[in-house]
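Residue numbers (my numbering): 231 to 590. All C-beta atoms in this analysis are idealised placements derived from N, C-alpha and C, irrespective of residue type, glycine included.
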Amino acid sequence: MNLENAKGELVKRYKYLYGNAFLILAPYMYEETSEELVKRLKEQQIKFGNIFADKPLIYLNISKLDGINSLFEEFLLSDIPMEESKLYQLLQSKKNNKEYLEQVSYGLALLEKENADKRSFPYTIDIFKILSKTCDYIEEQSGDLNNKKNKLNVLDEYYRIGRYKNNGKIYTSGRNLDLHDCDSLSFIIDKNPRKPLRDKNDVGVKNNSFITAIVTAPHYEDNLSIFTENEKQQVYLTYHDELPCNLEIACALEEVYIHTSTDTRLQRPKNTEPCGEYFTINENEIFVDPSDSLYRYYQMCPHCGYIVNIPKEILSDGIKERIEDRCSKDNKLFRKMYLYSELYSLDKSSTKGQKRILQK
């Protein structure tokens, strides 16, 4: 397997797990029974003198996944096509199983119940839970240590794809989160590697062409990954209705203008003209001209203040809906932005003496 094929296979597997993690994990959501709750509260009272979390705990019973650890490992690390893996075939067969889907629904209901009162840091069941479980399983491997290290390095690439955020920041961490990638020090949690408890003959997936292609591939210096930031961005945008964080447009008049019986082209403020500089398109800075259905979306150029049309073709329906909803909450927003544009232009053309007077 060459590098491009291996990278393509890794991305395909990542996407499948990302989109189906809830189907795999939801049946393992668990709510503490009343008997377990009473026992835990008594133990807390004796040990700490206080009671914490006096309602039943809801959590992912991760130990119940032990029976399919080997399926996760095969899915993520083997050199067979994804569709031939046991995990893929098992999950596909479960998608039409009424009893299994009822377990999924029950698990998702528990998840919703757990997060009902949480305004931040909601409990999640996602691909990271599967990757973490697989890492723990491989760390317990006691034989074929060279390949064990290689397998963990391959899992690092899955993590690096998952850490991409489309915010311009380059994340470099694999399975071990480093300080650079943390938005808060509270997220740095030392995690000791699992002890090698498995029999030496239980080596799981052996070295293969997929593993070799990934671990011998050169890494980019900026992100320590075999994938470019653009490649990771493409994976991210498959599942997130966002504009690319590096999408730019030139400050210019609309290149294509459709003449209609009614001239709908926006009449920009006097003294403003496009500067030709490029700037990043930002959804939160786009505003709507409520009187125009043809050239409806605009953003003010940060370099010169000119009102630049944002082609509606590059905006998804979801993005348009969010922009429309935000702008509808302030019926004077367009007028404000129009005035800001004019003031920006006047300020740039003012002399230093005039600016001092204006600042007073």
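Reducing DSSP to helix, strand and coil, say where residue i ends up.
{"i": "L477", "result": "coil"}
{"i": "I298", "result": "helix"}
{"i": "Y244", "result": "helix"}
{"i": "E369", "result": "helix"}
{"i": "S323", "result": "helix"}
{"i": "F417", "result": "With a pLDDT of only 47 at F417, under 50, the local geometry of the prediction cannot be trusted, and the value read off the model is given with reservation. The answer is helix: DSSP assigns F417 an H, G or I state."}
{"i": "V433", "result": "coil"}
{"i": "E484", "result": "coil"}
{"i": "E572", "result": "helix"}
{"i": "Y260", "result": "strand"}
{"i": "F351", "result": "coil"}
{"i": "F517", "result": "strand"}
{"i": "G238", "result": "helix"}
{"i": "S335", "result": "helix"}
{"i": "D411", "result": "helix"}
{"i": "N406", "result": "coil"}
{"i": "N460", "result": "helix"}
{"i": "Q584", "result": "Any reading at Q584 must be qualified, since the residue scores a pLDDT of 41, below 50, and its modelled position is unreliable; the value itself is stated next. Helix, per DSSP."}
{"i": "D374", "result": "coil"}
{"i": "I400", "result": "coil"}
{"i": "A251", "result": "helix"}
{"i": "R428", "result": "coil"}
{"i": "Q497", "result": "coil"}
{"i": "D547", "result": "helix"}
{"i": "S523", "result": "coil"}
{"i": "I281", "result": "coil"}
{"i": "E451", "result": "coil"}
{"i": "I360", "result": "helix"}
{"i": "T502", "result": "coil"}
{"i": "S293", "result": "helix"}
{"i": "I310", "result": "coil"}
{"i": "E554", "result": "helix"}
{"i": "D577", "result": "helix"}
{"i": "V380", "result": "Val is not the amino acid found at residue 380; the sequence shown has Asn there. It is helical."}
Candidates the options: which alpha carbon is nearest residue i's?
{"i": "Q497", "options": "G548, L569 and A447", "result": "L569"}
{"i": "G548", "options": "Y469, P504 and Q275", "result": "Y469"}
{"i": "K381", "options": "D366, E265, K395 and E273", "result": "D366"}
{"i": "E478", "options": "K500, R552 and G506", "result": "G506"}
{"i": "S293", "options": "C481, M259, K562 and L409", "result": "M259"}
{"i": "C475", "options": "C481, A482 and Y466", "result": "Y466"}
{"i": "R565", "options": "P541, E234, P499 and D471", "result": "P499"}
{"i": "K285", "options": "G279, K277, E266 and G297", "result": "E266"}
{"i": "N383", "options": "I298, L454, E484 and S323", "result": "L454"}
{"i": "D429", "options": "K379, C412 and L375", "result": "L375"}
{"i": "L341", "options": "V268, E261, K562 and Q275", "result": "E261"}
{"i": "E472", "options": "S546, H410 and P504", "result": "S546"}
{"i": "D408", "options": "K425, R349 and Y389", "result": "Y389"}
{"i": "N422", "options": "S362, P541 and G434", "result": "S362"}
{"i": "K578", "options": "N326, T502 and I544", "result": "T502"}
What are the boundary residues of the beta strand (DSSP E) that residue i is part of?
{"i": "N232", "result": "Segment: none, N232 is in no beta strand (DSSP E) and carries neither H nor E."}
{"i": "N539", "result": "I537 to N539"}
{"i": "I288", "result": "I288 to L290"}
{"i": "Y508", "result": "Y508 to T510"}
Rounded to whole angstroms, how far is the Cβ of residue i from the Cβ of residue j, which I believe are closer than 8 angstroms?
{"i": "I357", "j": "Y289", "result": "At roughly 18 angstroms, the Cβ-Cβ gap does not stay under 8 angstroms, so I357 and Y289 are not in contact."}
{"i": "K237", "j": "I391", "result": "Going by Cβ atoms, the distance from K237 to I391 rounds to 10 angstroms, so no, they are not a contact pair."}
{"i": "T364", "j": "F302", "result": "4 angstroms"}
{"i": "N397", "j": "N437", "result": "Actually they do not touch by this definition, with Cβ atoms about 37 angstroms apart."}
{"i": "S315", "j": "E304", "result": "6 angstroms"}
{"i": "Y353", "j": "E344", "result": "5 angstroms"}
{"i": "E459", "j": "L240", "result": "That pair is no contact at about 16 angstroms."}
{"i": "Y525", "j": "R552", "result": "Not confirmed; about 19 angstroms, so no contact."}
{"i": "L271", "j": "I281", "result": "5 angstroms"}
{"i": "Q333", "j": "Y394", "result": "Q333 to Y394, Cβ: 31 angstroms. No contact."}
{"i": "C481", "j": "P504", "result": "5 angstroms"}
{"i": "M231", "j": "S439", "result": "4 angstroms"}
Alpha helix (DSSP H) containing residue i: first to last residue?
{"i": "Y394", "result": "Where Y394 is concerned, there is no enclosing alpha helix (DSSP H), given that its DSSP letter is neither H nor E."}
{"i": "Q529", "result": "Premise fails: Q529 lies in the beta strand (DSSP E), Y527 to M530, not in any alpha helix (DSSP H)."}
{"i": "T442", "result": "S439 to V445"}
{"i": "N561", "result": "Counting along the chain, N561 falls outside any alpha helix (DSSP H), and DSSP gives it neither H nor E."}
Verify the contact flag: residue i, CB atom, against every heavy atom of the ligand FAD, threshold strictly below 7 angstroms.
{"i": "C412", "result": "By its list of ligands, the structure shown contains no ligand whatsoever, and the ligand FAD lies outside what it can speak to."}
Does the pairing of the region 369-378 with the region 318-335 give three or more beta-carbon distances under 8 angstroms?
Fewer than three Cβ pairs drawn from the region 369-378 and the region 318-335 lie within less than 8 angstroms of each other, which leaves the two stretches out of contact.
With three or more beta-carbon pairs closer than 8 angstroms as the criterion, would you say the region 300-319 touches the region 436-448?
Judged by Cβ distances under 8 angstroms, the region 300-319 makes contact with the region 436-448, as three or more pairs qualify.
Contact between the region 528-538 and the region 501-519 (3+ Cβ pairs under 8 angstroms):
Touching, yes, given that three or more Cβ pairs across the two stretches are closer than 8 angstroms.
Three Cβ pairs or more, each shorter than 8 angstroms: is that satisfied between the region 249-265 and the region 401-411?
Because the criterion of three Cβ pairs below 8 angstroms is not met, the region 249-265 and the region 401-411 do not touch.
Give a yes or no on contact between the region 558-578 and the region 535-542, applying the rule of three or more CB pairs nearer than 8 angstroms.
Contact between the region 558-578 and the region 535-542 is present: 3 or more CB-CB pairs across the two stretches fall below 8 angstroms.
Any contact between the region 550-564 and the region 514-521? By contact I mean 3 or more CB pairs, one from each, below 8 angstroms.
Yes: at least three Cβ pairs fall under 8 angstroms.
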